[in-house]
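Asks: In the order they appear, the protein sequences are chains A and B. Position one of the first sequence corresponds to residue 15 (my numbering), numbered consecutively onward. Position one of the second sequence corresponds to residue 780 (my numbering), numbered consecutively onward. Every residue, glycine too, gets a C-beta built ideally from N, C-alpha and C. Quick caveat: nothing in here was measured; it's all calculated off a predicted structure.
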Amino acid sequence: MRSYEKSGVLEEIRALGGEVFAITSEPQSLASEAATDWEIGFPAVGDPHHEIRSTCKGRGWVDVFYNEDCGHLRNRPWASHPKGYYQPAVVALHKSGRVLYRWRCVPKYSNMSGAGARPEARYTWDHIQSSLHKDSQVDAALDREPQLGAKDLSWPRFLLILVAHGWFLRPKAFPLARRSDPDRVSPGAMMPRVYGFVGLWLVLLLLLPGLWVGGLLLLWVALLLPGLIEIHRQFQNEPDLF
Amino acid sequence: MVYDLADLPQTLVGPVSAGLDWVNTREDRDYELTGLADLELDIDVAEPFELSLILCDGETCAARRIAFTPSQPGYSKSGFSMTQVPDTEPDIPALLDPPEGLRSGWVDEQLAKFEFILLLYYRGRW
């Protein structure tokens, strides 16, 4: 979201009488905290009762996905999404109610269940400007193939770093940093852990009979399996119906 | 669990009102009481007791657990001396803001203020 200010898009939007808002399913306290800490340059709005989402859905603007299973946030007791957490979406609305741009993330394993990239700020703004300059009253169609700000990790690679974060016993999600976090670890720091783990198995293979190592490998898979099943249940993989 | 104020026992009306005034004075806020968390209905107000107040000031809400101690007659206007019980937030629903209903007209309010608005839905602080 910071890219809207950094790229100058925020200033251009405001110059034309528009405004940008970040919308979250968290309470306002956490929304305000995020806006300050992330220095996004525009207001963040807490919508824990999903009322803004309901307005957007009810008027046919965009139906934002949300996930009611917050089980992977087990280490974040302060996290609060009373009706489920929003998946990313972007919707631009003219004061007449016309949709200028819309995109929603359909959470799938291929986009890390919603943790993947969002449409670029400049790309989104170009589309909004194009709609603003049209005389038509027709709503902009849902953007199904936007230009994204980054390339998503594949699901197996994403799972691998989640497993490494949980010390190869139980996948553990990567929350964004908060002031009170004691043990913030970045996804990028996980690959050395993976190499170390693979190295450990190679050493075992050199030191122990193959049958023993095979037995240990089976035991590890058995220990890991419940966590893998759990994460597949918690993370969304939705069909895109429309 | 958050208790509905409409069903508040008469004996607790005074302490709850006194607790609200005490918090507002102490924190220089203008909170309104929107609920009580984990309320025990058989509280004897002649003995020390605690109440968890759910307070909202516009968009922002907070929870405060207050310890009430009955004071000697004439010692205080409310009839209680009060202290805040620390670190109770993890056990009660502190982050309830904004109250339900406040966002239902929010989009229309913004559309009335601006030529256009851009809403970026995000997954939250976690």
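(1) Only counting the same chain, and skipping five residues up and downstream in sequence, which positions put a Cβ closer than 8 Å to that of Pro877 (chain B)?
(2) Throw me the rounded Cβ distance for the Glu40 (chain A) and Ser94 (chain A) pair, which I believe falls under 8 Å.
(3) Indicate whether Phe172 (chain A) and Ala203 (chain A) have their beta-carbon atoms separated by less than 9 Å.
(4) Check the DSSP bridge columns for Val59 (chain A) and list the partner residues they point to.
(5) What is the DSSP secondary structure of Met204 (chain A), counted as helix, strand or coil?
(6) Here's the rule: buried if 16 or more other CB atoms are within 10 angstroms of the residue's CB, otherwise exposed. What is Gly798 (chain B)?
(7) On the three-state DSSP scale, how would you describe Gly32 (chain A)?
(8) Taking the DSSP output, what are the residues bridged to Glu829 (chain B)?
(9) If distances are taken between C-alpha atoms only, which option among B:Ala846, B:Phe893, B:Tyr900 comes closest to Ala131 (chain A)?
(10) What does Thr839 (chain B) touch in chain A if you count any residue whose Cβ is under 7 Å from its own?
(11) Go to Gln143 (chain A), then tell me how far its alpha helix (DSSP H) extends in each direction, as first and last residue.
(12) Could you give the first and the last residue of the continuous alpha helix (DSSP H) run that contains His179 (chain A)?
(13) Assign Ser144 (chain A) to buried or exposed, taking buried as 16 or more other Cβ atoms, counted over all protein chains shown, within 10 Å of its Cβ.
(14) Which residues in chain B have a C-beta closer than 9 Å to the C-beta of Ile66 (chain A)? List them in chain order.
(15) Identify, in the order they occur along the chain, each residue of the same chain with its Cβ nearer than 6 Å to the Cβ of Ile142 (chain A), setting aside the five sequence neighbours on each side.
(16) Look up Gly111 (chain A) in the DSSP assignment and say whether it is helix, strand or coil.
(17) Would you call Thr848 (chain B) buried or exposed, if buried means 16 or more other Cβ atoms sit within 10 Å of its Cβ?
(18) Can the beta-carbon of Phe56 (chain A) be found closer than 9 Å to that of Pro121 (chain A)?
(19) From the DSSP output, which residues share a beta bridge with Trp117 (chain A)?
(20) Give the residues from the region 123-143 of chain A that approach chain B closer than 9 Å (Cβ to any Cβ), ordered along the chain.
(21) If you reduce the DSSP assignment to three classes, tell me which class Ser860 (chain B) lands in.
(22) Tell whether a beta-carbon distance below 9 Å holds between Ile27 (chain A) and Val59 (chain A).
(23) Under 9 Å, do Asp166 (chain A) and Met205 (chain A) count as touching if we go by C-beta distance?
(24) Does Phe828 (chain B) come within less than 9 Å of chain C when only Cβ atoms are used?
(25) If you reduce the DSSP assignment to three classes, tell me which class Cys84 (chain A) lands in.
(26) For Arg843 (chain B) and Glu819 (chain B), what's the separation of their Cα atoms in angstroms?
(27) Identify which residue in A:Pro189, A:Gly210, A:Tyr209 has its Cα closest to the Cα of Ser200 (chain A).
(28) Which chain A residues are close to Gln889 (chain B), counting only those with a beta carbon under 8 Å from its beta carbon?
(29) Which residue or residues does DSSP assign as beta-bridge partners of Cys835 (chain B)?
(30) Note the first and the last residue of the continuous alpha helix (DSSP H) segment covering Arg18 (chain A).
(31) Go through its chain and collect everything with a Cβ distance to Leu30 (chain A)'s Cβ below 6 Å, but skip five positions before and after it.
(32) Run through chain B and tell me which residues come within less than 7 Å of Gly60 (chain A), C-beta to C-beta.
Replies: Inspection of the coordinates gives the following:
(1) Cys835, Gly837, Glu838, Thr839, Cys840
(2) 6 Å
(3) no
(4) A:Ile37
(5) Here Met204 (chain A) sits in helix by DSSP.
(6) buried
(7) Correct three-state label for Gly32 (chain A): strand.
(8) B:Ala846
(9) For Ala131 (chain A), the nearest C-alpha among the options comes from B:Tyr900.
(10) Gln42, Ser43
(11) Counting along the chain, the alpha helix (DSSP H) containing Gln143 (chain A) begins and ends at 135-146.
(12) 169-179
(13) exposed
(14) Arg882, Ser883, Trp885, Val886, Leu898, Tyr900
(15) The beta carbon of Ile142 (chain A) sits closer than 6 Å to the beta carbons of Ala106, Leu114, Tyr115 from its chain, once the five residues preceding and following it are set aside; these are given in chain order.
(16) coil
(17) exposed
(18) With contacts defined by Cβ atoms closer than 9 Å, Phe56 (chain A) and Pro121 (chain A) do not form a contacting pair.
(19) Partner(s): A:Val104.
(20) Taking 9 Å as the Cβ-Cβ cut-off against chain B, the residues of the region 123-143 of chain A that qualify are Gly128, Ala129, Arg132, Thr138, Trp139, Ile142.
(21) strand
(22) A distance of 9 Å or more separates the beta carbons of Ile27 (chain A) and Val59 (chain A).
(23) no
(24) Looking at the structure shown, chain C is missing, and the protein chains on hand are A and B.
(25) coil
(26) 16 Å
(27) A:Pro189
(28) Glu33, Phe35
(29) Per DSSP, B:Glu811, B:Cys840.
(30) First, the residue type needs correcting, since residue 18 (chain A) is Tyr and not Arg in the sequence shown. Per DSSP, Tyr18 (chain A) belongs to the alpha helix (DSSP H) from 17-20.
(31) none
(32) Asp876, Pro877
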